[in-house]
Amino acid sequence: MNHSLVQYSWFKWSIALIISFPLLMTILNEVIVRLQRQEKCLIETFLILRNLVFPTIALLLFLTRVLEIPEEDTAIRLVKTLVLICTIHAVLSWLKVLIFSEASSGSWRAKVPDLLLDLIRFFIVTCIAAVILSTVWKVDLGALLTALGVGSLVIGLALQDALKNLFSGILLLFERPFSLGDWLQVENTIGKVIKVNWRSVYLQTRDYDCVVIPNSILAQGNFTNYNKPNNLHVEKFTFGFSYDDPPNKVIEVLKEVALSTEGILSTPKPWVRIEGYQDFFIAYQVGIFVKSYEKMLDIRNDFVVRVWYAAKRYYLTIPYPIQTEYQVDMSKLSKPNPITKVTEVMRSLPNFGTLAAEQLTKEKEPTKLRHYAKGEWVFQEGKRILGLHLILNGQVAVLVKDSLGNQQEIARLSRGEFFGEKVLLTGEVSDVSAIALEDLEVAILSPEVVTTLLDQTPRLAREFSELLETRRKEIIKAKNTKYSNRQGG
78 MNHSLVQYSW FKWSIALIIS FPLLMTILNE VIVRLQRQEK CLIETFLILR
128 NLVFPTIALL LFLTRVLEIP EEDTAIRLVK TLVLICTIHA VLSWLKVLIF
178 SEASSGSWRA KVPDLLLDLI RFFIVTCIAA VILSTVWKVD LGALLTALGV
228 GSLVIGLALQ DALKNLFSGI LLLFERPFSL GDWLQVENTI GKVIKVNWRS
278 VYLQTRDYDC VVIPNSILAQ GNFTNYNKPN NLHVEKFTFG FSYDDPPNKV
328 IEVLKEVALS TEGILSTPKP WVRIEGYQDF FIAYQVGIFV KSYEKMLDIR
378 NDFVVRVWYA AKRYYLTIPY PIQTEYQVDM SKLSKPNPIT KVTEVMRSLP
428 NFGTLAAEQL TKEKEPTKLR HYAKGEWVFQ EGKRILGLHL ILNGQVAVLV
478 KDSLGNQQEI ARLSRGEFFG EKVLLTGEVS DVSAIALEDL EVAILSPEVV
528 TTLLDQTPRL AREFSELLET RRKEIIKAKN TKYSNRQGG
């Protein structure tokens, strides 16, 4: 009796595999191409499905349904094991993408250590391996565990150091004394935590070197976390100033510099204390609060630089070591006169000339010299100013706030130019701000001195009148602008 091939199960499975497997591969290829265009993280999972999972499933179906090889055959068991391993690989890949790959920066998912992921992965793989051994290979798990119990003693002794690091890492994981991104100091090493695994912690130093520290050292020793219990950090400095400088004035200047330095918090306020009296100076300790330890070096540099300029500005003395000896002929030593530098600049200006310079030398305390660091405010809008500022060296940007509250630059001035002319209008505060674009030295002429110079030099008075009107128009124009063009700070 003749039978049609359709009646055979192996034939039906052959047709199904011939049609469905190429169709499924085509669909997966199309999905992968689209994910690659969109740069999605799921590409890895779909590649595992295409290259491993579905081909091994197809192979298993071919061997068991088409060739009809018995389930107990060793080849079938090997293929089943391979199918389960590939499936586990795909599921773990998918879970990693789903939970962690697209986590936003700063979220708990982004801060999960690699060690925890490794432990979870190891636990899942161990459980699935036990299922495979029990169901596919018919292994007696009880007997296997007994054998492993004896063998684990030998393994434990051989891997003593490795296991110590592993369990130390687990203890650190549960205690959570630090997280990814925290700054740690371990003995003399300071770095940011970039990776935590079963054996060690990886720190990236400020020099971009990677330092590997075993978990056992962290668990047994002491270390400092600059990000716990919060990101607030206190940095301390020590400065020495001359005994001739009044302590209250020094303390006030140091606090002013700290509050004007970007990155230093105003709350909590910086503090200054006298640390002690040394051989040739009074030691002052300054404490500043910052929010980000990572930016500490830049903030520290800006603060220390501005202290030097403030010392120059307020005529404070940072003394040299007393052990330094100078062989000086006192008869030839003359104190530099700041008026000389000012008059030299004034004589080079067409709107001042020699007459104004000579008149300046006749005044009592006609000017004060001030030094400012790059990026430091000379004065700000709404504040009273000491006098008319003449630039001796450096460059200044004159700024005004527009209708949106953003700083607009209305002038950029250099050597021989003036700013702060609002002082000529008695009793008025400044309607502009001025910031140093580079290291700056200015002479400040008091209102009385400026008035005398204008009275003695009519041409100069006309020049200042025109300057006031020009600046007034520029300020009105900048205040009414509708766009933001922030410059100079």
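Using the working numbering, the letters of the sequence shown correspond one by one to residues 78 to 566.
Where a beta carbon is used, it is the ideal one built from N, C-alpha and C, also for glycine.
This one's a predicted model, so the numbers in the text were calculated from it and none came from an experiment.
Which of helix, strand or coil DSSP assigns to residue i
i, result
"Gln-362", "strand"
"Glu-312", "strand"
"Trp-260", "strand"
"Ile-146", "coil"
"Trp-348", "strand"
"Asn-302", "strand"
"Ser-211", "helix"
"Arg-461", "coil"
"Phe-357", "coil"
"Leu-138", "helix"
"Phe-88", "helix"
"Phe-98", "helix"
"Val-527", "helix"
"Val-419", "helix"
"Asp-217", "coil"
"Arg-111", "helix"
"Asn-106", "helix"
"Asn-307", "coil"
"Phe-255", "coil"
"Leu-501", "helix"
"Ala-93", "helix"
Bridge partner(s) assigned by DSSP for residue i
i, result
"Lys-478", "Gln-484"
"Phe-496", "His-466"
"Arg-198", "In the DSSP output, where bridge partners are listed per residue, Arg-198 has none listed."
"Arg-447", "Val-519"
"Ile-395", "None, per the DSSP bridge assignment."
"Val-83", "Paired residues: none, contrary to the question."
"Pro-291", "Ser-277"
"Gly-317", "Ala-360"
"Arg-489", "Ala-474"
"Ile-341", "Val-367"
First through last residue of the beta strand (DSSP E) which encompasses residue i
i, result
"Val-509", "Element bounds for Val-509: n/a, residue is neither H nor E."
"Arg-283", "Careful: Arg-283 lies outside any beta strand (DSSP E) and carries neither H nor E."
"Ile-267", "266-273"
"Val-455", "454-456"
N-terminal and C-terminal residue of the alpha helix (DSSP H) that residue i is part of
i, result
"Cys-163", "151-173"
"Phe-123", "120-125"
"Lys-556", "535-556"
"Trp-385", "373-390"
"Val-327", "324-337"
Cut-off 8 angstroms between Cβ atoms - residues of its own chain near residue i, not counting five sequence neighbours on either side
i, result
"Leu-352", "One point to set straight first is that residue 352 is Glu, not Leu, in the sequence displayed. Excluding residues within five positions, the ones whose Cβ falls inside 8 angstroms are Thr-315, Ala-360, Tyr-361, Gln-362."
"Asn-557", "Asp-479, Ser-480"
"Leu-124", "Ile-109"
"Leu-126", "Leu-105, Ala-167"
"Thr-122", "Ala-167, Ser-170, Trp-171, Val-174"
"Val-610", "In the structure displayed, the chain extends from 78 to 566; residue 610 sits before or after that span and is not available."
Cut-off 6 angstroms between Cβ atoms - residues of its own chain near residue i, not counting five sequence neighbours on either side
i, result
"Gly-65", "The chain is shown only over 78 to 566; residue 65 falls outside these bounds and no answer can be derived."
"Gly-566", "Its pLDDT being 36, under 50, Gly-566 is placed unreliably in this model, and the value from its coordinates should be taken loosely. Only Ile-512 meet the Cβ criterion."
"Gly-258", "none"
"Asn-79", "In this predicted model, Asn-79 has a pLDDT of only 48, less than 50, meaning its place in the structure is not dependable; the value taken from the coordinates is given anyway. Within the same chain, Asn-79 has no close Cβ partners at all."
"Gly-497", "Ile-462, Leu-465, His-466"
"Val-263", "Ile-290, Phe-300"
"Lys-554", "none"
"His-310", "Tyr-303, Val-367, Tyr-370"
"Arg-350", "Gln-362"
Same chain, Cβ closer than 7 angstroms to residue i, neighbours up to 5 away in sequence not counted
i, result
"Thr-164", "Val-130"
"Glu-312", "Ile-365, Val-367, Met-373, Arg-377"
"Val-160", "Thr-133, Ile-134, Leu-137"
"Thr-394", "Phe-318, Ser-319, Asp-321, Asp-322"
"Pro-396", "Gly-317, Ser-319, Phe-357, Phe-358"
"Val-506", "Gly-459, Lys-460, Arg-461"
"Ile-146", "Leu-140, Ala-152, Ile-153"
"Ser-523", "Gly-464"
"Tyr-560", "Any reading at Tyr-560 must be qualified, since the residue scores a pLDDT of 47, below 50, and its modelled position is unreliable; the value itself is stated next. The answer is none, since no qualifying residue turns up."
"Lys-418", "Leu-469"
"Lys-389", "His-448"
Min CB distance residue i to chain D below 7 angstroms
i, result
"Val-270", "Considering every chain present, this structure includes no chain D. It has just one protein chain."
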